[in-house]
Each structure stands twice: as C-alpha cells, then as structure tokens.
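4 protein chains.
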Amino acid sequence: MEPLSIEDYLARSSFEASPPKWHLGHTTWFFETFILKNQLNQYQVFDPKFGYYFNSYYESLGDRLAREERSSLTRPALALIHDYRKYVDAAMMDLLAKEGLKEEVLDFIELGLNHEQQHQELFLTDFKKALGQQAHAPVYDPQFPEDEVLEGPQKWIELPEGLYEIGHSGAGFHFDNEAPRHKVFLPAFAISNQLITNEEWLEFMEAGGYENPQWWHSDGWAWRQKENIEAPLYWSKQEGRWQNFTLAGMQELKREAPVKHISYYEAWAFAQWKGQRLPTEAEWEAAQEFLDWGARWEWTESAYLPYPGYKPYIGPAKEYNGKFMVNQMVLRGASVVTPTGHARPSYRNFFHPHFRWQFTGLRLAKK
Amino acid sequence: MEPLSIEDYLARSSFEASPPKWHLGHTTWFFETFILKNQLNQYQVFDPKFGYYFNSYYESLGDRLAREERSSLTRPALALIHDYRKYVDAAMMDLLAKEGLKEEVLDFIELGLNHEQQHQELFLTDFKKALGQQAHAPVYDPQFPEDEVLEGPQKWIELPEGLYEIGHSGAGFHFDNEAPRHKVFLPAFAISNQLITNEEWLEFMEAGGYENPQWWHSDGWAWRQKENIEAPLYWSKQEGRWQNFTLAGMQELKREAPVKHISYYEAWAFAQWKGQRLPTEAEWEAAQEFLDWGARWEWTESAYLPYPGYKPYIGPAKEYNGKFMVNQMVLRGASVVTPTGHARPSYRNFFHPHFRWQFTGLRLAKK
Amino acid sequence: MEPLSIEDYLARSSFEASPPKWHLGHTTWFFETFILKNQLNQYQVFDPKFGYYFNSYYESLGDRLAREERSSLTRPALALIHDYRKYVDAAMMDLLAKEGLKEEVLDFIELGLNHEQQHQELFLTDFKKALGQQAHAPVYDPQFPEDEVLEGPQKWIELPEGLYEIGHSGAGFHFDNEAPRHKVFLPAFAISNQLITNEEWLEFMEAGGYENPQWWHSDGWAWRQKENIEAPLYWSKQEGRWQNFTLAGMQELKREAPVKHISYYEAWAFAQWKGQRLPTEAEWEAAQEFLDWGARWEWTESAYLPYPGYKPYIGPAKEYNGKFMVNQMVLRGASVVTPTGHARPSYRNFFHPHFRWQFTGLRLAKK
Amino acid sequence: MEPLSIEDYLARSSFEASPPKWHLGHTTWFFETFILKNQLNQYQVFDPKFGYYFNSYYESLGDRLAREERSSLTRPALALIHDYRKYVDAAMMDLLAKEGLKEEVLDFIELGLNHEQQHQELFLTDFKKALGQQAHAPVYDPQFPEDEVLEGPQKWIELPEGLYEIGHSGAGFHFDNEAPRHKVFLPAFAISNQLITNEEWLEFMEAGGYENPQWWHSDGWAWRQKENIEAPLYWSKQEGRWQNFTLAGMQELKREAPVKHISYYEAWAFAQWKGQRLPTEAEWEAAQEFLDWGARWEWTESAYLPYPGYKPYIGPAKEYNGKFMVNQMVLRGASVVTPTGHARPSYRNFFHPHFRWQFTGLRLAKK
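Protein chains in written order, with the numbering used here: chain A, 1 to 367; chain B, 368 to 734; chain C, 735 to 1101; chain D, 1102 to 1468.
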C-alpha cells in the first residue's frame, strides 16, 4: 500500500471490490476475532465498534456495515486503523511467544496468514479497478510487471482414460474446500500446455467473436449485450492501437502475453469458437505437472461445488467457503498478483461467471 | 387449455413465464420452422410475420418479440392462431403420409413432439402462476390432483463406492443433453426412497429455518431477505391455518404430500438444517430404480453442465439445450404436470436456483 | 370499443395506461360507488369484489389492485363486466326516474358522466399506445381523422397589461379545480392564434434541436438522453420518409397538421429554440376567444397548483383532483379525441412533463 | 472545512450531494473558468484536466465527470487542490489590483463570490448527510448551533387584497431568477409570523399524520410508502426518546425549535392536516417584513418558474438557474447554515419536492 495517497485508501470501484482501508481493517479484525479474543487471556478488544465496520460476511458474528457502504468509511481515520494494526500485531507476537500452543490455535494462525495473503491479492485487483475507473489513468507502480511473454511452443498434453485422485493431500496448508482428496473417473483428454494469448484473443475479436451469439451461452450473450462488452476489461483503442490499463499505467497491448481480465462467458465463447472447450477442474489438476501455470487464474468448466465428503470449518469459520458454493465457476492456478507461496495445485478459486476484475485467463482442452 | 376464457390466453405472470396463446403459437411454429419449411416441397409459410412473434430464443432464426412482450400479443387474435394450428397440423399429416421419410426427418418430428410435451407442462406451470397472482384465487380445474400422499415408510437406500454409468442408452427418444452415456466414480452413499413432505417442511419452518442464515448459501440468504421468502410459493396462512393455492383452487395444506414449489436455495437450506445433503445427479440416476419418483422435480447438488463428449444438435436446434449450460442446477425425476410418457431416468431438467414456479421438491442423501 | 377483439380488452402499454376492460369496469364502478350505493334504497352491490379491481386511486375506499396489475385481469371475464354495466345502467335509470332528486345527487350524476367522458378519451389514448407498441401496426379504425390541417395565416394576438379574471363562472358543469374564478395581473403579452405544425417541428429537428442541450431543461435533457428521444412519439422514418402511427394505422406524416404527442420538455425546448416561450394558463384563458383551439392539448408554462381559495369536493371525491397538484404541468384546450361537449375555456388538464401518450401539442407566446 | 480528516474530503452521501473535495475544486474552477480565462491576459490554466473534474453541470463547457462519480476522486490529491486554490486566489488578487475593471467583470466576480457562498452552505448540508449516514454519529463541531428556540407568541399577519410588487429591486447583488420586479394581484390572506416547531410536528405524528393518505399528495404518499418515511430526516427514537442528529452530534430533540429536514410533501401534508396551507412565494415576499425568518428554508406553494420577462445570464452562465425551472418548488428565507449576508427577501431557493437534506421547514398561511 506504499504508493497510495491517503484518499486512495477510500478508493471504490464496484460492488464486489473494497477500498484499501477496509482490507487493512478487515485482515486485522480477522486475527483479533478468530484468534486473540479466544486464545489470549485478558485480551482487550481494541474498539468494540470495529466489528461492525470490518466483519466481511460472517452472519454469526453480528451486524455489519453493508458491502456497498465500505467506501463511506471516512471515520475511523486511517491513522487509527494503523494503530489498530500495531496493537493487534503486538498481541499476536505475545501469543506466538507462548510455549505449547495447541495445534488448533496454530491452525487458526495459519488460516489468518493465508486469509491475509488472499486480501493482499484482492487489494491489488480492487485497487487496479478503482484506478482504472478514474479519469486520466493514474499509475500504481511504474515497474509493476503484469504481462510476461509466454515462451516455448504450444503443445497438447494427452492423458488417458482412468481413475485419478484430486484434492489436497499430505502436509502443508490448504483451505477446507480443497479436501477431501478423492477419486474421479476421467475419459481420455488433451489439454494445452499454454495459456491463450492476447494475439489469439485478437483473432477471436477480428473473426466477430463478440458479435455472433452462436458462440455464447444464453446468459452470456444477454450480459454481453446489456454491458456492451467488446473486448477484455481495461482494453481501449486509441488512434487505432489497442491500449491496456495496468498497475504500471496505460500501456500498448503486448500481443504475446496471456490474455487477462476476461469473464467465464468470454472464455467459454472463445473455446466454442475454436471448436474446443475449457478443461474441468479435475482435468486441470490431473495434468497440472505438465503445464505452465501461475500467470493467470484459469476458468474451468466446473461449477464451484463441494467435494464428496466435504467438511467445512467448525465455528464462525464455517462461513469461510461453504456458503459460496453456488452460482460460481472454479478457477485454477494463480496469477501475477498472487503472493509468492500462496499457490498450489489443489487451490480452488471461484467467481461469478461475469466477473472480470480479477487477473483471469484461460487455456483450452479437447476431446 | 379447455377451461380457459379467451382473455386467459393472455394471462401473464412473471418474466420466466409465457401466456397460453404464446405457447400455442410457439409449438406450432416449431413444427413449421424445423420440419415443414425444410421437408415439404412447396410448403407455404402460414404468415411470415409469425416467426417474429413465436420464435422463443433461436438467435440464428432472426429477430423476435422480447420475452417480456409476449403478453402484449392481443393481435394476432386467438382464432387466427387456431387456424394456424389447423393449417400446420394438416401439413404435418401430409408429411407423415409420405413413404420413405428419412431418419433425420423422423428424429425432428420426435423432437417436435417432445418439445410440445415440454410446453404442455410449461403451460400448466405458467398458467398456475398467472392464476395464483390474480385476486380471489380462480380455479383451473376443480378436480386437478396435485398432492397425492406418500405411502410406505421412509428408508435409506445404500449404494457402494464404485464406477457407475449414467446418461441415456439404448433405443427411445432422449434430448442431446442426456448423452453420451459415460462412467462416473461414486463414493459410497445413501439416498432416501422418499420425497420430503409438507409435514417435514413445517418442522423446518417451526425450527426457524427461514430466519437462520447459518443454513443458507450466501446468495440464497440474500435472495430470501430481498424477496422476503417465508414459506414455499403458493402457501398462505388464513386464520392460523396453512392454505395452498393449486390448479384446483385454494386448499388446506396436505401435510403428508411431498412439498413443492421450493427453490434450490430452500432445498439446500433444508438439507443443511437436517445435517444431510442433496444427492448429485449421478447418485440419483445410479439409485433411480430403488426410488419412488415422479411427483415432484427434484433439485440435485449438480450444476447443469455438459456431459464429457457432449454433442449438441446440428443446425438451429443447436440452441435447444447447450447454450443454457451455466448458472442452473439440475433437477431429476418428473412431476404431476409432466405429460405421461415424457419422463425417463436420464432426463435432465434445469432451472436457476431461485426459481419456484415449477413443481419442485427434494429428497435427501447422506455420507 | 366496437373494433376491439376480446383479447384487445387486455391490451396494456405502459405504467400510466390502462386496458380497455379496466376502463369499462372502472366507469361503471364509479356510478355504483359514488351514487347508487348512497342514493338508491336497497341497492345490491353487483359483486363486492369489484371494488378491489376497479377502484382507481381512492385511498379512502379501501384496498385496490395495483395499477401495473390492471392488465392481468383475465378474470372477471369481459362478459361479466358487460353484465355489470347493464345492471348498473338499469339501476341508474331507476334512480333517474325518481322525482325530486336532490341537487347534490344530480351533481354527482353529472360528475359521473363527465368522468366517463374523460375515460372515453383515455381509452382512445391508452389503446393507441397499446396498438402502437405491437408489431406490424394494427389499425383501430381506418377512417379515424387525427390530423386536420390548419387553415388561415399565423398571427400574433396582442393583449395589454392589466387585471384579468380566470376560472369557471356561470352555469354549466366544471370540475373543482377550475374554481374559484379569480383575478390575475398580467403584463402585456402576445400569443399565436395557431398551433405549431409538423412542418415547424421538422425545422426544429433539422436544426439539431434534439441534439443541443442549450435549449433544454436539465431534467428534460437527462430524460431525452436516457430515453433516446429523437422525434415525437409515434414518428418513425422508413426509407427516408417520416411515418406517423395513428388510430387509422401507419400514415405518411402530414406536414401542415399540428404536431402532437410531444412532452412538456420538448415543447419548452422548441420555444427556447425559437427565442419565445409557452403561454401561462392565465394568458391562454385570457386570450382564448381569439384562438383556434381544440385539436391538441396545449402545454402551458404553468405548474398544476390550486387556485386561490380552491375547495376540493367533499367525501371520497375529494381525491378526484386535489391530490395531484404537484409535479405536473397544466394543459389547456382539448384534442381530437376529446368527446364533443366536454371542452370548455376554463378546463385544466395536467400531466407529468415527460408524458407523450396524450394528444399534446403547443402554441407560442412572447414578451 | 477545518474539522475534517483528509478522508472526510471524499465523504459521499447521496446522489444530490457532493464530497468536500469536490466543492473546493469546483468553486475554484468557477473563478478560473468564468473570470480568469477571459479577463487576465496570459493566464495559464492550472491543469487543463481539472475542467473535466470540476465542471458541475455546464453543458456548453464540455465533458465532465458524472455526478455520482464525484466521490471517486482519490486523485488529484487534496494537496494539489489546495495548490490550485492558492494559484487561483493569487491570480484573482492580480486581477483585482488592476484599475478600471469593467462593470461586467465586477459582476462576474460578485457572482463567483455568491456562488462560493452557496457552496459553503451546500458543503455543510452535504457533509452533515455524509456524517449522518456513517455508523456511530461522528461529530462535525460540538458547538454548532442548529436549533435556536422560537421566542414570542405565534400571530397571524393579515394582508389585504391588492396589487403587490415582488422580485429584486434597487442596488445590491441578486441572481437572475429574482428579476424582473413585477406586479402580482393577491387576494386577502393571513400568514403566520413563526415557523412550525418540533412540538407541533410531534402532534402531527401522534395524530397519525404519516399513516393517513388523506393529507397527502398522491405522489407524496407513494414516496412516503416507498421510502418508509415516518419522521423528519435525522430523527431516531432511542429508548422511547426522540434523538436528532446534528452537526454537533446526536442530541435530544428540542421541542421548541423549528422543525427542519422535511420534504415539501411532508410540509404540505402537515398544512392539510391543520386545515390550512403553505404560503405562495408572492405572499411570503409581500409579508416578509412582518415575519421572523432565517432559521429554516421555508417551502412555499409555488413551483419554480420564471418571472414574467425573465432574462437568464449571457454566455455559459445562462445555465446557472434557468434550466432548472421545472419539477421544483420554491423555498424562501434562509437557514442556520446560510452564510451571513447571503440572505435577502427576494432570494428564490428551489428543490425537488422529496428532498430533505437541506435545512427545510415551513410556516402556514390561510384564507
């Protein structure tokens, strides 16, 4: 958050995005609420009102500020939220200094850290959207590298029919929605080793992909018409050349980089136009060791649903993932704004099919 | 449509429902457009304007009346649509009288008949909704039997882990979305032989099921709050007793009959409250021979997606099913308003998760 | 209503318009409710439920069908509403046959007849809108004369500064909002003897009148932008020629006829563009004897407000006019669809400034 | 703006209100655009992009930021807007130091100063609304005096029938909409010397004023129902006692102070309930010397329309007032947040009839 002006901390963009100030307060509140209040004797809550401001969506934890009001948070002032952070950080250090912390407490701390990493990514995506909506294209960081070029030739990875295992296994952190590891039967399939590039997306556009309903879902076409979608988010044409708004400011479109900021509807239409399809999440995970991934979140043909035998967290954290398992599509991989160390093969990201503000791209599968 | 007044043919209810007059014109247009125009030499289209009125959603067949304008169809008059039907029926008889009709033509005729059966069911559901919204609860047919009581004890059917085959096989008609038949691996599971009853639904209500967000999806809870949902559609309390609007008019709620007119969100919340879950469509199909089904469409835990290797119809009929494979949940079974002979174990019905105007219910699964 | 098909009786168009069936029931209900129930001993209400259907906006008379639901009235059937009318007509004849009817009763009967005349006009305007929204331009009456050509030269009528009296005086029926007659002081002004024609409106359009915000109210410009208004209602260009939808069907635009179906916003913008203005209602009434009027309702520069000393009707009829005295502009004159004998110089019609479905035009004033 | 945190400068509340930062930039831009660019040779515009940000509604001055986007202005940073102000102030001082400034230039400077005063008042009303919507009732200034108690007895001022003159006359600044001074004929009337108090408003509430449609305009009642209005804006009941949110924070309601933050609809309903009425603006101005006024803007029964012979400003300032003369009601007087010296008897304020965020109250008239 270093490059931000104080006012930037209130930057809002759209219903699904939150201002930086809120992300800061919310991640702090998460440690206080899920760990310190329960685990540290005599811990004094910094300010009882903060629960109202910084609870995101936990119904069991009481009333909260409506999501669309988050950018109205002119008070508490930023300085006070920084104090809040220092206060909670100090208490966390006290807690960590204790000997014999229970497994369950360590698990919650690990969850809090992973939660914070998710918000680090969300901060960048939300703030990019907020900047992108302001006039005159403000710059976040002139060196920010969003678009590395794909290297090596495109190839089809072929996997045979058979029983595969997917889901998290072994040690290491994972969210509840990645478990349990379980068997799936997959027919033989092929999956591309590479992401679709801006170059390929331009071919789709030039072939009239955005004008022809035959490639689109019915809901997707209605969305495209209503929102007048004609290109990926952040693209604009200036004097006949495609420009791309990035965290480094407005740039010429890099044709060899993977396409990003597309919705599921657009990804699916592209695959239809190619006569191919998106992979399912099971296919993706089965093939992941052969793939070049991590630059873009990749839309899959799988709806976000519980794995067989799924068990949500106990307590208020039950609401972390399970209640979102409807109306969303699974994305696999990670993106250039995902914190280092936060990605893994079993990770299940999920968004509504019309969302584009994340760094979302696609790869193709066939058969 | 016998019990209808002429004005009833324009009855409208909601965005997703169509007036009887439109169903009549649309099913007729389907035969004319998909069969007669292509297969009968020298067939004269009844009225070239009718394509505009009666095309439902086929983008490749040109402009059409917006869905929400269907109830504005005061012209053409009903009498003219009846003439249209007679004209098309006569032409269909001419076609059927021919010898040596190609397989492909017979397939389209079978599709037209199944399409008509789907609209017979839709007519009843749509018209029930239209009547239900009018003041003073008009009656469609005083003898209409919506609510037969479940018989015999509830039991859990147990199926072992293993590879199962689902999807349509053998002879007989099926829609493109039921194929191809394919293998799925299922963990061991149990599924109830019976549908959930009104009695059980009342228990959920009395336990505060509609007031407690912990049982609900996030989207489901938002929907419940916004629409102020407190009971299944068509239920109302009069002088302390639950009444139920049916095609036979307003009736006392039958407690032993299966619940109906609930959304996926409600079905899922009920299952959460029970500590159980909805079956997946693969589980349902694997177990269907042990089940008592056919009274209600049953929500499953499966999103409506293509089977591996799915091939849509060729030509304009491509739009029949495939373009709807997003944002919807699969329902299995059939209901009291499904035409006789139209149900089969591989049938995949699908609706958005908030829809309630269909005769939708649920059964539970566990493990 | 002779040319209507039965389905036409349910024709709906927009929020402000009602279907023919409703107009029929409502005017009948008005006689029953305001006269028969109070004045005829032992009068039996035809059906107590009809009050719910046919009460327009009288809060003091109980619950009523929402305005936007009026077109859902498939039941009661039209035949029953015709029976209702015959029943009420017969009772009215019984009442009129009585000797010694009180002045107050005669006043209410006169109000009922004037109310019916208002709905005769509304029926034609509403039904025109309903037909106009259907595909393929259905015809109401091929002989209906909407557009008579203005004759004689345009002239400016000059009136001197001074005290004038406006409002109804003398015998004859008038609505409560036309009284009391009262003095107003007017500066000297000039008013045109003629309405603005289609020819003059085309000049405004060709001069970019619809594209230039400088002629428009702020609210008017926002409305024009949002609704994408580019010409009067019912105009459409076909192969380079302006067509006009009328009750006689689609016709070539008659350039010498007075313009119609324009909003107050458009009328005001036209006057601004001309460097002139609309007359106030007091100016219009002061000058009416010199004017050629009656073909179009004429927008004035006066907001619809009570005259000094205004007294609304007593009882439920209090709601007839007074509660609408905000947010509307006064129109003076009458139009080609106003029943013969219903027009008079003191008549105050009123609509919201964006309404165009009435036969509305304008004349100019200056100084 | 002294008590504001930096983030407060982005505080938003509702469509009609703007954040402090925008008010600051806009009033500065007004001096630059309407005066410096035209009157100071070689004046360099501070930043050509600022016109896009800070143009309020002048269509003739080019594209501008949409009103609802004003709170997204995280960039330019506040510090830069302060620089802008200093830059423009310095240039204004240079201009004022010149000898022989033309009358027209002095007029524009006077307009700029009055414009700034209007925004000083708007800043307080907008910022109160923004604070009022935040949780936990933040305080602007603990000493801010909103509610002085009325003194002396209520009396009726009686004025006779006759010709009166209204509108601005003589020297001193006035806006274009206050001219020309002109004659109006008024019947005899009575007007109260005092504003209606909170005490009287509570009587209206206790008499069911907000529940009984008979006192309300049709549009007013629809508004009341839709918005669920049950008391003036900023009132809330805590433990059985009425609280009032003010710029000094949450306070116990002062019963003897004049009511404020009511819409025209509410004011009119109150008058109907009393069997009296609101004064017209002509009555108010004719009687103003006998009145106690200045604590609240007072709703009148007059629509905001041009005076006879009204001439708007020349050039872009034409849009200052004239284009708003529709759909609004006139308010007379001034309020506790009006800058000293900005009030005068001929001042015409105007708002839409449902607006409540201004310090609006009422006095009654009769006859």
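Glycine included, C-beta positions come from ideal geometry on N, C-alpha and C.
In the DSSP output, what is residue i paired with across the bridge?
{"i": "GLU986 (chain C)", "result": "C:GLN977"}
{"i": "VAL918 (chain C)", "result": "C:TYR898"}
{"i": "ILE191 (chain A)", "result": "A:ILE157 and A:ALA365"}
{"i": "PRO625 (chain B)", "result": "B:THR564"}
{"i": "LYS1424 (chain D)", "result": "Beta-bridge pairing links LYS1424 (chain D) to no other residue."}
{"i": "TRP299 (chain A)", "result": "A:LEU331"}
{"i": "ARG1011 (chain C)", "result": "C:ALA1099"}
{"i": "THR727 (chain B)", "result": "B:TRP664"}
Whose C-beta lies closer than 7 Å to the C-beta of residue i among residues of the same chain, with five residues either side of it excluded?
{"i": "SER752 (chain C)", "result": "ARG804 and ASP860"}
{"i": "GLU990 (chain C)", "result": "VAL883, LEU884, THR931 and GLU933"}
{"i": "GLN484 (chain B)", "result": "PRO706 and HIS709"}
{"i": "MET325 (chain A)", "result": "TYR304, LEU305 and PRO306"}
{"i": "VAL1438 (chain D)", "result": "GLU1222, LEU1225, THR1226 and PHE1460"}
{"i": "ALA267 (chain A)", "result": "LEU278, TRP299 and LEU362"}
{"i": "LEU374 (chain A)", "result": "Absent from the structure is residue 374 (chain A), since the part of chain A shown begins at 1 and ends at 367."}
{"i": "GLY983 (chain C)", "result": "ALA871, VAL873 and PRO876"}
{"i": "TYR9 (chain A)", "result": "PRO19, PRO20, LYS21 and LEU78"}
{"i": "GLY294 (chain A)", "result": "GLY333, ALA334 and ALA343"}
Excluding sequence positions up to five away, which residues of its chain have a Cβ less than 6 Å from the Cβ of residue i?
{"i": "TRP22 (chain A)", "result": "ARG70"}
{"i": "GLU1035 (chain C)", "result": "LEU1012 and THR1014"}
{"i": "GLU477 (chain B)", "result": "PHE540"}
{"i": "PRO780 (chain C)", "result": "Note on identity: in this sequence residue 780 (chain C) is Phe, with Pro being the wrong assignment. TYR818 and TYR821, listed in sequence order."}
{"i": "ASN1083 (chain C)", "result": "TRP1031 and LEU1065"}
From what residue to what residue does the beta strand (DSSP E) around residue i run?
{"i": "GLN500 (chain B)", "result": "Here GLN500 (chain B) belongs to no beta strand (DSSP E); instead the alpha helix (DSSP H) covers 470–500."}
{"i": "LYS755 (chain C)", "result": "Segment 754–765 is the alpha helix (DSSP H) holding LYS755 (chain C); no beta strand (DSSP E) there."}
{"i": "GLY1067 (chain C)", "result": "1063–1067"}
{"i": "PHE1085 (chain C)", "result": "1083–1085"}
With 16 as the cutoff for other CB atoms within 10 Å, does residue i come out buried or exposed?
{"i": "PHE765 (chain C)", "result": "buried"}
{"i": "MET1063 (chain C)", "result": "buried"}
{"i": "ARG1397 (chain D)", "result": "buried"}
{"i": "GLU470 (chain B)", "result": "exposed"}
{"i": "ASP910 (chain C)", "result": "buried"}
{"i": "ALA334 (chain A)", "result": "buried"}
{"i": "ASN405 (chain B)", "result": "exposed"}
{"i": "GLU227 (chain A)", "result": "exposed"}
Ignore the nearest five residues each way along the sequence and tell me which others in residue i's own chain have a CB closer than 8 Å to its CB.
{"i": "PHE857 (chain C)", "result": "MET735, PRO754 and HIS757"}
{"i": "HIS119 (chain A)", "result": "HIS23, HIS26 and THR27"}
{"i": "ILE524 (chain B)", "result": "ALA557, ILE558, SER559, ASN560, ALA654, PHE657 and LEU658"}
In the DSSP assignment, find the unbroken alpha helix (DSSP H) run with residue i in it and report its ends.
{"i": "GLN1339 (chain D)", "result": "Careful: GLN1339 (chain D) lies outside any alpha helix (DSSP H), inside the beta strand (DSSP E) at 1336–1339."}
{"i": "LYS49 (chain A)", "result": "Segment: none, LYS49 (chain A) is in no alpha helix (DSSP H) and carries neither H nor E."}
{"i": "GLU227 (chain A)", "result": "218–227"}
{"i": "ALA831 (chain C)", "result": "812–831"}
Could you run through the stretch 859–885 of chain C and flag, in chain order, every residue whose CB is less than 9 Å away from some CB of chain B? ALA864, LEU865, GLN867, GLN868, ALA869, HIS870 and PRO872
Taking Cβ-Cβ distances below 7 Å as the criterion, which residues of the stretch 1360–1380 of chain D are in contact with chain A? none
Residues of the stretch 1394–1410 of chain D with a CB closer than 8 Å to any CB of chain C: list them in chain order, please. GLU1402, SER1403, ALA1404, LEU1406, PRO1407, PRO1409 and GLY1410
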